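This report concerns only the one structure given below.
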Amino acid sequence: MLKRAVLLIAGLSALAGCDEQALATLGGATSTADQRADYLSAVATTDCVLIDQRQFGAVEFQANLTRQEVIEITQFYLAIGNAERLPEGGVRVTTGPCAA
Numbered sequence: 002m003l004k005r006a007v008l009l010i011a012g013l014s015a016l017a018g019c020d021e022q023a024l025a026t027l028g029g030a031t032s033t034a035d036q037r038a039d040y041l042s043a044v045a046t047t048d049c050v051l052i053d054q055r056q057f058g059a060v061e062f063q064a065n066l067t068r069q070e071v072i073e074i075t076q077f078y079l080a081i082g083n084a085e086r087l088p089e090g091g092v093r094v095t096t097g098p099c100a101a
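When the letters of the sequence shown are read in order and numbered with the working numbering, they come out as residues 2 to 101.
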């Protein structure tokens with residue numbers, strides 16, 4: 002399982018020039034483009050960070066996603082370089098309305 006995840010991330014990183022939908026399809030993402038758009042809009046209301054229950058709960062509610070879906074979309078953005086892990090824990094999304 003870990004080997005598969007590492008290979009997936011390496012493969013997605015190699016395809017960094019591809020668009021998000023192509024990467025989602027190739028990477029086996031289970032989320033739709035609409036779900037990812039709703040996620041990004043919701044994450045923007047949390048100052049683009051997901052650290053604890055307050056942020057996760059807000060994103061789940063606003064985007065009408067389950068916790069697992071929020072985690073999967075966050076992992077997808079981490080894998081393609083559109084999010085970064087924070088030193089104090091949590092994640093900062095760096096794409097869409099959260100792009101610098």
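The C-beta atom is built at its ideal place from N, Cα and C for all residues, glycine as well.
Only a predicted model underlies this, so the values are computations on that prediction, with no experimental measurement involved.
- When the alpha-carbon of Val60 is set against those of Asp39, Phe77 and Gln76, the nearest one is in Asp39.
- Here Glu85 carries a strand assignment [DSSP, helix/strand/coil].
- Excluding five sequence positions before and after Gln56, the CB atoms of its chain that fall closer than 7 Å to its own CB belong to Thr47 and Val50, given in chain order.
- In terms of Cα proximity to Gly91, the closest of Gly97, Ile72 and Pro98 is Ile72.
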